[in-house]
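So that you can map any letter, position 57 of the sequence shown is 62 in my numbering, and since no number is skipped, the others follow by simple counting. Positions of the beta carbon are idealized from the N, C-alpha and C atoms, including for glycine.
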Amino acid sequence: MGPTSTDFAFRTTDLPATKSTKGGEVRIVDSSKFKISTTVAMAMVTVRPGGLRELHWHQNADEWQYYISGKGV
Numbered sequence: 006m007g008p009t010s011t012d013f014a015f016r017t018t019d020l021p022a023t024k025s026t027k028g029g030e031v032r033i034v035d036s037s038k039f040k041i042s043t044t045v046a047m048a049m050v051t052v053r054p055g056g057l058r059e060l061h062w063h064q065n066a067d068e069w070q071y072y073i074s075g076k077g078v
């Protein structure tokens, strides 16, 4: 194997926020922005102090959460 012409890295923080409010912002990455990702999407949610993440659920899909800093209480 050798080098590939396909870029497997995506720099989410370089992407402008999909939505921004006084409580935080979200960046959504899917196959329209990251061509190599055809079966999974992600949302990078930043909640500012005093902000609240929108309550929601997925009827037919799992949701994984990873916390870079802070805690989910």
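- Contact between Gly29 and Thr51 holds: their C-beta atoms lie close to 5 Å from each other, under 8 Å.
- The straight-line gap separating the alpha-carbon atoms of Ala22 and Arg32 is approximately 5 Å.
- In the three-state reduction of the DSSP assignment, Thr26 falls in the strand class.
- Across the set Ala14, Val34, Ala66 and Ser10, the C-alpha of Val34 shows the shortest separation from the C-alpha of Met49.
- In this structure, the beta-carbon distance from Phe13 to Phe39 does not fall below 7 Å.
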